[in-house]
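Participant:
The structure is reproduced here in structure tokens:
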């Protein structure tokens, strides 16, 4: 699971935060409340997750929580375990 987490963290830091250090993004930081994710950044993140991990992200999926890196990591792992389920 650490690899998935690291890839998500790296993308957010490099592409959404446009740099910074690993220390700038705690796994339990609320990405919406902190202002890291707005609607455009959320769509960038969805596209990255779909392309990088080969899963379809259904935005209406009740399991999908773009609140923390931890939640995103768990969502990806769950979807990889059940790729046909939306």
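Residue numbers (this note's numbering): 2 to 87. Glycine included, every Cβ here is placed at the ideal spot set by N, Cα and C.
With three or more C-beta pairs closer than 8 Å as the rule, is the region 57-67 touching the region 8-16?
Facilitator: no
Participant: With a threshold of 8 Å on Cβ separation, who are the neighbours of residue 69 within its own chain once the five nearest residues in sequence on each side are excluded?
Facilitator: 28, 29, 30, 31, 32
Participant: What residues in its chain sit with their C-beta under 6 Å from that of residue 72, if we drop five residues either side in the sequence?
Facilitator: Answer for residue 72: 66, listed in chain order.
Participant: Using the Cβ count rule (16 or more neighbours within 10 Å means buried), how would you classify residue 48?
Facilitator: exposed
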